[in-house]
Amino acid sequence: MDAQFAKRRRRDLVVAACLIAIAALVPLFVTDVFTQNIMVLTLMYAALSQSWNILSGYCGQISLGHALYFGLGAYTTALLFTKFGVLPWFGMLGGGVIAALIAMALGYPCFRLRGHYFVIATIVIAEIGLLLFQNWSWAGAALGIDIPVGHDSWLTFQFGRSKLPYFYFALALAAVAWFVTWWLEDSKWGFWWRAVKDNPEAAESLGVVVFDSKMGAAAVSAFLVAVGGGFYAQFVFYIDPESVMGFQFSLLMALPAVLGGIGTLWGPPLGAVILIPLTELTRAHMGGSGRGVDLIVYGSLIVLISLASPQGLVGLFARLRKALLA
Amino acid sequence: MTALLETRAVTQRFSGLVANSDVSISVGRGEIVGLIGPNGAGKSTLFNLIAGVFPPTEGAIWFDGCDVTRLPAAERCRRGVGRTFQVVKSFETMTVIDNVIVGSLVRSTQMREARRKAQEVLEFTGLAARADVLASDLVPAEKRRLEVARALATSPKLLLLDEVLTGLTPAEAQTGVELVRRVRDTGVTVLMVEHVMEIVMPLVDRAIVLDLGKVLVEGKPADIVRNPKVISAYLGDRHAVGA
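Chain order of the listed sequences is C and Y. Residue 3 is where the first sequence starts when you use our numbering, and the numbers rise one by one after that. Residue 20 is where the second sequence starts when you use our numbering, and the numbers rise one by one after that.
The structure is reproduced here in structure tokens:
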């Protein structure tokens, strides 16, 4: 039994390493900038969704306000760079720390709420954050921040000519988020989180400190999402409140995990690989008409996939395999 | 030696309703004690007070030489109080062994050790063959046993069993009775709430009868079943006179 479990863990790790290696080779063959752009976004959302999944999937505290942490990462990185000349590498880490601290400060009152009330609180708090940034003149208010473009350099993490550095950074970020999840899954925290999600009262009776579990999950989740936000600021060169803290980011972090399989290791990357190209392609080919055809098609596809596999695609695969083996 | 568990004049009110009134009981080390009484006698409330779900309105609870009255449930578990729930609360999306690992992680932070301990407990409780099944796929009797297994994995000094034998078939109940005996034989003290007298009485060393939130009588099972007060509490005064 024990050996079987260890084998599964090792297999996950090997599969991930292979996928990362294959992904790293893709840009050698795909040189089209539009496609590369989609690949960068796909990897970024895989990382974000994987991070969201730690709090909402494993620990069961559904957040629809993670745009706040994404925005905090983006703003911290951009503000530290434009105002104080701090390199984005430190900005991303600083953004992560700030987001983790704020997540815990917000968790203190919010984790007493249950179910729908918690979800509503996350939405409202993220909206408040958005409003604050829209009115904070030092941080550019609604006009946002232009990040001055210098020479292409790894030091300032700016590249005007090529998408490749961004691609590899996003790949590394997705790999880190995946690995952190893989590692935590078989740790005390991973077990505590799942127990809290399934039944907090029983968890408490078994020595699980429910409140601490939620705080831990929130901190890790917010930290990783904020690093993603810092990356995004560097990627787009210009940020304003709506473009890094808008509600759509909260949704785009949740959807890949939900679609791929919430609370699973492979759900978020699988969901991102399907969902993000779909988003971008429908927008590119059907958007711009002003009639929202792209959104209708996009929405219908999500509904179809959800109907086909209510437990996410990972669950669908597991069922298929069971059926084939039986 | 002092008792392992003591409740000292514990009173619990729920906005006007007195669920427990001045309840003082004690459980010695290595005993199997039955907590019985008719519906609404306050058994579950007392049980929750001992497990630390909420603190009592008045009185104190002592466990293993310490006042634990204000300690939360998780801390009491760490100190050696394990419990099951009357309405089973399995972690439904987790496998049987993962359910039990949550319990064993209280004592061992090393995953390998926690897993080994969980495996041991599954063998002890006869669930080893179901280790990799999702908890939601277990039949009711197995879910009851999983409750016990999870609590045992926390290496408790005191195991609180909340109606684990109720609603089982006679054969299942017999397996349950044997399990409780084996648990005691490993040195764990057991306090069990039960409804069905015929099952508990042969099993326990001592029984405490609650009625209307108060301790009615306590003593050896053989004396308890003949006690007129107990008979009248369960069946009404008419039968007590007949006895």
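Using N, Cα and C, we set each Cβ at its ideal position, and we do this for glycine too.
**Q.** Residues, ordered as in the chain, of the stretch 186-202 of chain C that lie near chain Y by beta-carbon distance below 8 Å
**A.** D188, S189, K190, F193, W194, R196, A197, K199, D200 and N201
Q: Might you give, ordered along the chain, the residues of its own chain that have their beta carbon closer than 6 Å to the beta carbon of Y234 (chain C), omitting 5 neighbours on each side?
A: Hits under 6 Å: A76.
Q: Could you tell me which residues DSSP pairs with V78 (chain C) in its beta bridges?
A: The amino acid occupying residue 78 (chain C) in the given sequence is Thr; Val does not appear at that position. Answer is none; T78 (chain C) lacks a bridge partner.
Q: Measure from the C-beta of A262 (chain Y) to each C-beta in chain C and report whether the shortest distance is under 8 Å.
A: Model confidence at A262 (chain Y) stands at a pLDDT of 41, short of 50, so the residue's coordinates are unreliable and nothing is read from them.
Q: Starting from the beta carbon of A70 (chain Y), find every residue of chain C whose beta carbon is closer than 8 Å, and list them in chain order.
A: One finds S207 in chain C with Cβ atoms closer than 8 Å to the Cβ of A70 (chain Y), taken in chain order.
Q. What residues are listed by DSSP as bridge partners for L86 (chain Y)?
A. Note that residue 86 (chain Y) corresponds to Asp in the displayed sequence, not to Leu. Y:W81.
Q: Alpha carbon to alpha carbon, how far is I147 (chain C) from P75 (chain Y)? Give it in angstroms, no decimals.
A: CA-CA distance, P75 (chain Y) to I147 (chain C), rounds to 57 Å.
Q: Counting only the same chain and skipping the five closest in sequence on each side, list residues whose C-beta sits under 8 Å from that of G261 (chain Y).
A: Unreliable positioning characterises G261 (chain Y) in this predicted model, as indicated by a pLDDT of 48, which lies under 50. The coordinate reading is nonetheless provided below. Contacts found: none.
Q. So which residues of chain Y does A325 (chain C) contact, with C-beta pairs closer than 8 Å?
A. None at all; the shortest Cβ gap to chain Y is about 17 Å.
Q: Verify whether the separation of the beta carbon atoms of E237 (chain Y) and I250 (chain Y) is less than 8 Å.
A: It is not a contact, given that the beta carbons lie outside the stated cut-off.
Q) Using the beta-carbon of each residue, which ones in chain C are nearer than 7 Å to A92 (chain Y)? A) E206 and S207
Q: May I ask you to report which of helix, strand or coil DSSP gives K216 (chain C)?
A: helix
Q: Check distances from the C-beta atoms of the stretch 209-240 of chain C to those of chain Y and list, in chain order, the residues that come in under 7 Å.
A: G209, V210 and V211
Q) Using Cβ-Cβ distances below 9 Å, what residues of the stretch 142-175 of chain Y are close to chain C? A) A147, A150, D151, A154, E166, R169, A170, A172 and T173
Q) Residue range of the beta strand (DSSP E) that L36 (chain Y) falls in? A) L36 to V46
Q. Can L179 (chain Y) and F66 (chain Y) be called in contact, C-beta distance under 8 Å?
A. yes
Q.
What residue range does the alpha helix (DSSP H) around K62 (chain Y) cover?
A. K62 to A70
Q | Start-to-end residues for the beta strand (DSSP E) that takes in D181 (chain Y) | A | L177 to D181
Q | Residue interval of the beta strand (DSSP E) (run including L103 (chain C)) | A | First-last for L103 (chain C): P90 to C112, but that is the alpha helix (DSSP H), not the beta strand (DSSP E).
**Q.** From Y:R48, Y:R163 and Y:A168, residue whose alpha carbon lies closest to that of T188 (chain Y)
**A.** Y:R163
Q | Distance CB(G221 (chain C))-CB(A144 (chain C)) smaller than 8 Å | A | This sequence places Ala at residue 221 (chain C); Gly is not what is there. Going by C-beta atoms, A221 (chain C) is not nearer than 8 Å to A144 (chain C).
Q) For the alpha helix (DSSP H) that contains T185 (chain Y), what are its first and last residues? A) For T185 (chain Y), there is no enclosing alpha helix (DSSP H), since its DSSP letter is neither H nor E.
(Q) Assuming contact is defined by CB atoms lying nearer than 8 Å, are G110 (chain Y) and A154 (chain Y) in contact in what I supplied? (A) Reading off the sequence shown, one finds Phe at residue 110 (chain Y), where the question assumed Gly. Contact flag set, yes.
(Q) Taking its Cβ as the centre, do 16 or more other Cβ atoms sit within 10 Å of W138 (chain C), making it buried, or is it exposed? (A) exposed
Q: Kindly indicate which residue of Y:E197, Y:E25, Y:T21 and Y:G49 has the alpha-carbon position closest to the one of P175 (chain Y).
A: Among Y:E197, Y:E25, Y:T21 and Y:G49, the Cα nearest to that of P175 (chain Y) is on Y:G49.
Q.
Quick check on the DSSP output: the alpha helix (DSSP H) that includes L303 (chain C) runs from which residue to which?
A. V295 to A310
Q. So D230 (chain Y) and G99 (chain Y) are in contact, right, with Cβ under 8 Å, and what is the actual spacing, rounded?
A. That belief does not hold up - the Cβ atoms of D230 (chain Y) and G99 (chain Y) are roughly 29 Å apart, past 8 Å.
Q) Under the rule that 16 or more other beta-carbon atoms within 10 Å means buried, what is F251 (chain C), buried or exposed? A) Looking at its Cβ environment, which holds 16 or more other Cβ atoms inside 10 Å, F251 (chain C) is buried.
(Q) Rounded to the nearest angstrom, what separates R32 (chain Y) and A179 (chain C) at their Cα positions? (A) 49 Å
Q | With 16 other Cβ atoms within 10 Å as the buried cut-off, status of N288 (chain Y) | A | There is no way to answer for residue 288 (chain Y), as the model of chain Y reaches only from 20 to 262.
Q. Listing by chain order, which chain C residues have their CB less than 8 Å from the CB of R102 (chain Y)?
A. Ordered by position in chain C, the residues that pass the 8 Å Cβ test against R102 (chain Y) are S207.
Q: Note the first and the last residue of the continuous alpha helix (DSSP H) segment covering F36 (chain C).
A: Its alpha helix (DSSP H) spans residues V35 to N55.
Q | E94 (chain Y) (DSSP reduced to helix, strand or coil) | A | helix
Q.
With a threshold of 8 Å between beta carbons, is F82 (chain Y) in contact with chain C?
A. no
Q. From what residue to what residue does the beta strand (DSSP E) around G53 (chain Y) run?
A. I51 to I55
Q: State the start and end residues of the unbroken alpha helix (DSSP H) segment that holds V244 (chain Y).
A: P240 to R245
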